Amino acid sequence: MKKVRKSQFLRWLNFTIALFLSWQLFDSQDAIAQTINSDVTQIPLEHRLELVQDLENRELLTPTQAQQQRDYYSQIPDRSTPKLLQRVGGIFTLSNVIWIFSSILLVFSLGGLFSLYLWPLLRSIPALVYEIIAYLTGFGIVIGGYWLQAPLGEYIAFPGCLGFIGLWSLSNYLHRKTLQPLYKKLGTNGYSVGCLVMALLWSAIALLYESTAIGFITIIALEAYLGFFIAAQPGIYLLGFTSRSLLPRAVLSSLILLVFYITIRLTVIDLPYFSIFAPGVLFVGTFVYFLGLLIWSSKWYSREKSEYAILQPITILSGAIALYLGTVGHIPQLQGIGGTFFFLYVIEKYFELPWSQKTIVWATLGLSTLLFTSAWIMKQYPEYFLFI
C-alpha cells in the first residue's frame, strides 16, 4: 500500500511540475512577444539580407544601394524571437525554480491539511447528500446557461450535458443493490437505460438552446440505446453493436430516421427545430445504418443462406441510393459515408469468394488491382468517400 501511495505521489508530482513548466514556457513566450518592438529589428537578420538580395536581383536597388543596406542591417542588433532552446533556458532561472517548487510544496501541504482535518468531516456526510448536490449543480449549470448571452450559454450547457453521464454512473454505483435487480427484471442494463435517459434529457436541452452540438450527441445516445457501441482504448477504437439481437433494431431504426430526415430535406416542408437534430441523424444515422448493413450482410455473420441472399441486393441498392441522393440533394454525409462503406462492401465480398490454393496468386493480383483502382477513384472523387 505504501509503494502504491508513493508511486501515485510521484506521478502527481511529475504532472504538477510539467504543468508549471508548460505555463512558464507559454508565459516567457508571451513576455518576449510583448517586449519586441514592431520595427525591423524583430525580423531575423538572414531574412533582411534575403530581402535586400531579392530587391537587387529585380534591379529595384543598385549594387551600391544594396551593399549599403546590408551594412546597415548588419549593424542593427537582431531582436527577433529567440529559438526554442533560448525560451526553455529562460525558464530555469533561480527565481523561477524557487517559485515553482514553493508552489508545488504549497499545493501538497494544503492537500495534506485537507486530508487530515476536512476529509474525516466530509466522510461523515452521507453519500446521498453528495449525490443530490451533484445533480443540483448539474442542472444549475445547464439551466443557468440559458440566461447568458449566446453562444456562451451553449458552451456552458454542453459540458453540463456530458456531466450527466458521470452523475448517472454515480447513481448506479451508489444504488447498485437496488438497481441491478430492477434491470435484471426488466431485461436490460444500466448502460442501455442510461443511454435512453441521456437521449431524452439531452433532446430537451438541445431544444431549449436550439443547439446542433447538443442535438448531435443526442442522436449518438439514441443510437447507443438502440444497440450501437463505440469505445476507445490506447491505440484501439472499437465500433460495432452490443449484441446480435440488437443489430437489426439499430439498422432499421437508423433507416427510419434517415428516410424521414432525407424526405424533409429534399422537399419544401418546413418543420420547426428540424435543423437541430439533422446533422446528427445524417452523419451518425448514416454511419450506423451502413456499418450495420456491412456486418449483417457478411458471409461470416449471416446464419441463414436466405437472409444472406436478401441482404446483398439491399446493401448494393442502399449504397447506390446514398450516392445518388447525396449528389442530387447535396448531402455530403450520404456521399462520403455511403461511398466509403460501399467500397468496404466490395472488399468484403472479394474475400468471401471461394479462392483455392491454385488461384490465390490470381486473387492477390486482383486484390492489388482493385485497391489501386480504388485509390485512384478516391483521389479523383474525394467527395464520395469519408476521411479522404
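391 is the number that my numbering gives the last residue of the sequence shown; the numbers go up by one with no jumps.
Note that CB positions come from ideal geometry on N, CA and C, so glycine has one too.
No experiment lies behind these values; they were computed from the predicted model shown.
- By the Cβ rule, the segment 132 to 142 does not count as touching the segment 105 to 115, because fewer than three pairs are nearer than 8 Å.
- When the Cα atoms are used, ARG126 and ILE259 turn out to be separated by approximately 50 Å.
- Residue pairing by DSSP puts ALA234 in a beta bridge opposite LEU241.
- A straight-line Cα-Cα distance of about 12 Å links ALA209 and GLY148.
- By the C-beta criterion, the segment 245 to 265 is judged to be in contact with the segment 281 to 293, since at least 3 inter-stretch pairs fall below 8 Å.
- A residue is called buried once 16 or more other Cβ atoms fall within 10 Å of its Cβ, and TYR348 is buried on that count.
- In the three-state scheme derived from DSSP, where H, G and I count as helix and E and B as strand, PRO357 is classed as coil.
- Per the coordinates, the alpha-carbon of SER118 lies some 18 Å from the alpha-carbon of PRO129.
- Between the alpha carbons of VAL331 and PHE219 lies a distance of about 24 Å.
- Secondary structure at SER206: helix, using DSSP grouped into helix, strand and coil.
- For PHE263, the uninterrupted alpha helix (DSSP H) segment begins and ends at 249 to 269.
- Runs of alpha helix (DSSP H) with 4 or more residues, each lying fully within the segment 278 to 358, are found at 289 to 299, 308 to 331 and 335 to 355, listed in chain order.
- Per DSSP, the continuous alpha helix (DSSP H) segment holding GLU134 begins and ends at 130 to 147.
- The Cβ-Cβ distance between GLU355 and LYS302 falls below 7 Å.
- Taking 8 Å as the upper bound for CB-CB distance, SER214 and GLU157 are in contact here, some 5 Å apart.
- Nearest C-alpha to PHE142 among ALA207, LEU328, TYR176 and SER105: ALA207.
- Shown here, GLU226 sits in a helix according to DSSP, grouped into three states.
- In summary, THR181 is exposed, with fewer than 16 beta-carbon neighbours lying within 10 Å of its beta-carbon over all protein chains present.
- DSSP places ALA69 inside the alpha helix (DSSP H), whose first and last residues are 66 to 78.
- The residue from TYR353, THR191 and GLU53 with its alpha-carbon nearest to that of LEU368 is TYR353.
- Put simply, the backbone Cα of PHE167 is about 8 Å away from that of MET201.
- Assigned with DSSP and collapsed to three states, GLY190 falls in coil, not helix or strand.
- Per DSSP, ARG61 lies in no alpha helix (DSSP H) and is assigned neither H nor E.
- The alpha-carbon separation between GLY243 and TRP299 amounts to approximately 11 Å.
- When secondary structure is reduced to three states using DSSP, THR181 falls in the helix class.
- When secondary structure is reduced to three states using DSSP, GLU53 falls in the helix class.
- For TRP150, there is no enclosing alpha helix (DSSP H), since its DSSP letter is neither H nor E.
- CA-to-CA, the gap between VAL145 and LEU121 works out to about 29 Å.
- PHE161 counts as buried, since at least 16 other C-beta atoms from the protein chains shown sit within 10 angstroms of its C-beta.
- Taken atom to atom, the span from the alpha-carbon of LEU328 to that of GLN336 is near 10 Å.
- Under the three-state reduction of DSSP output, ILE217 falls in the helix class.
- If you draw a straight line from the Cα of ILE313 to the Cα of LEU296, it comes to about 12 Å.
- At a Cβ-Cβ threshold of 7 Å, LEU199 and TYR228 count as neighbours.
- Taken through DSSP and simplified to helix, strand or coil, LEU274 comes out as coil.
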